Structure formats: structure tokens, C-alpha cells
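**Q**
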Amino acid sequence: TGPFTVAIDGPAAAGKGTVGRAVAARFGFRHLDTGLLYRAVGARVLAGAEPVAAARDLTPEDLTVEGLRTQAVAQAASEVAVIPEVRAALAEFQRWFARMDGGAVLDGRDIGTVIVPDAEVKLFVTASAEVRADRRFLELSPGDPALTRAAVLADVEARDARDIGRAESPLIAAADATIIDTSCLSIEDAVEAATARVAEKL
Ligand code: C5P
Numbered sequence: 002t003g004p005f006t007v008a009i010d011g012p013a014a015a016g017k018g019t020v021g022r023a024v025a026a027r028f029g030f031r032h033l034d035t036g037l038l039y040r041a042v043g044a045r046v047l048a049g050a051e052p053v054a055a056a057r058d059l060t061p062e063d064l065t066v067e068g069l070r071t072q073a074v075a076q077a078a079s080e081v082a083v084i085p086e087v088r089a090a091l092a093e094f095q096r097w098f099a100r101m102d103g104g105a106v107l108d109g110r111d112i113g114t115v116i117v118p119d120a121e122v123k124l125f126v127t128a129s130a131e132v133r134a135d136r137r138f139l140e141l142s143p144g145d146p147a148l149t150r151a152a153v154l155a156d157v158e159a160r161d162a163r164d165i166g167r168a169e170s171p172l173i174a175a176a177d178a179t180i181i182d183t184s185c186l187s188i189e190d191a192v193e194a195a196t197a198r199v200a201e202k203l
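Going by full-length UniProt numbering, the letters in the sequence shown line up with residues 2 to 203, in that order.
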């Protein structure tokens, strides 16, 4: 089989990763969480690296260091993500991953608009900021007892504003994307909606 790309975009903690992993498992496709690339660059910057250099020499090991899921790294990731040279340095790997033979699912912010504008399936997975903050809080609070829900909501809103407002590859639904609002959907129903859309196009 040739290339087949499922592009999943949307704001932080909307359920892109959960939907993406489930779709990939269901159809036997590869899956790439592109946020991890930006988080790895952010973590290297927090450790003193220069952003563009860090993006250009990112290694597979950088994607497995501990702490990439923390709020501090998420903020650093969204700060490096506004730099055009950082985005350009990460684009080539994402396009190669998307267009290898066999199917691929990529989740991020600009997959259907910039990275793979001719993706066979485009999904925009979203939810209200309150719902997203609640989910992220439940996920992070066991490992971080000092964390408050208000701090998580503030983080989510700050990252949304930066992702939507940046000049380079802002977060926006592609005109031909299917919108899946997970505010009132169970995980199963969100996965079902995504799976049905992929099955239609296969
Ligand atoms: O998806 P995740 O929360 O891990 O992404 C971390 C940050 O990386 C986002 O807030 C966003 O600024 C940036 N990002 C991006 N483009 C992508 C994926 C992530 O700008 N494709």
C-alpha cells in the first residue's frame, strides 16, 4: 500500500493523542505525536540550548528524556513553536514520516494545514478550555500534588492564545477538516467518529 495520512489537529488536551493512537492501532498505521518534537526542543532550551540549533540536531534520544509531559516543558515548547526556523527544521521529518508507505497518523497543530495539506483524512479535535483543563489536571495531578486546576486552566489558555495567535502556522482547522468536539463525547464515541471518517476514505 502507498502513503495514506490521517492529520489530526487541535488545541492542547482535546484528545488528539488518544484518538490518534486508537485510529493507528485500529488500521495498523504508524503514529507520531508531533507535540513531542516541540517539547523535546523546549526541554533542550530549558537546559540552555539555542532553539534553532536544538531543533536542527534533535536526536531520537531527545524524545525519550524524562519530564517532557510537564507544564514547564509544555510552555517552553509553545514558545519555541513560534520560531519559523524551528518549525522548518522539524517539518522535513514529519513529512517523511507522513508519506512513507503504509498509513500514518500525525497529531499536532498544523498537520492538515501546513505539514501535509493533501492528507487523505483531516480531523480537528477540540473541546472547551474548561473540559480540556479538567482532563489535563486529572492526568498530571497524581505526579504533581501541588498542581491546581486553576494553574492548569491558565496554562491551557496561555498555550491556546500563543498557538492561535502566532504568525507562522497558527492553530486553525483546515477548511476541509472534520470537526470532532469532544466536550460531550466519551473516548469511545470520539474514536468511533474518527474511525468512521478514515474507513470512508480508505
Ligand atoms: O501537543 P502538545 O501539547 O504536546 O504540544 C506542545 C506545544 O508544541 C503546543 O502548545 C504547540 O505550541 C507546539 N506544537 C506546535 N505544532 C505541532 C505540535 C505542537 O506548534 N504540530
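Glycine included, every Cβ here is placed at the ideal spot set by N, Cα and C.
It should be emphasised that the depicted structure is a prediction, and the values quoted were computed from it without experimental measurement.
Per DSSP, what kind of secondary structure is residue 127 in: helix, strand or coil?
**A** In this structure, residue 127 counts as strand in the three-state DSSP scheme.
**Q** Just to be sure I understand the criterion: a residue counts if its Cβ is closer than 5 Å to at least one heavy atom of ligand 1. Which residues meet that?
**A** Qualifying residues, in the order they occur: 13, 35, 36, 39, 78, 79, 82, 109, 110, 160 and 164.
**Q** Give me the residue from 45, 73 and 4 with the minimum Cα distance to residue 153.
**A** Taking only the C-alpha atoms, the option nearest residue 153 is 73.
**Q** So what does DSSP say about residue 94, is it helix, strand or coil?
**A** Looking at residue 94 - three-state DSSP - the assignment turns out to be helix.
**Q** Using a Cβ-Cβ cut-off of 7 Å (strictly less than) and excluding sequence neighbours within five positions of residue 130, which residues of its own chain qualify?
**A** The answer, listed in chain order, is 154, 157, 158 and 161.
**Q** Report all residues from its chain with a CB closer than 6 Å to the CB of residue 30; omit the five preceding and five following residues, and keep chain order.
**A** Answer for residue 30: 104, 105 and 106, listed in chain order.
**Q** Alpha carbon to alpha carbon, how far is residue 117 from residue 142?
**A** Their Cα atoms are separated by approximately 35 Å.
**Q** What is the DSSP secondary structure of residue 33, counted as helix, strand or coil?
**A** In this structure, residue 33 counts as strand in the three-state DSSP scheme.
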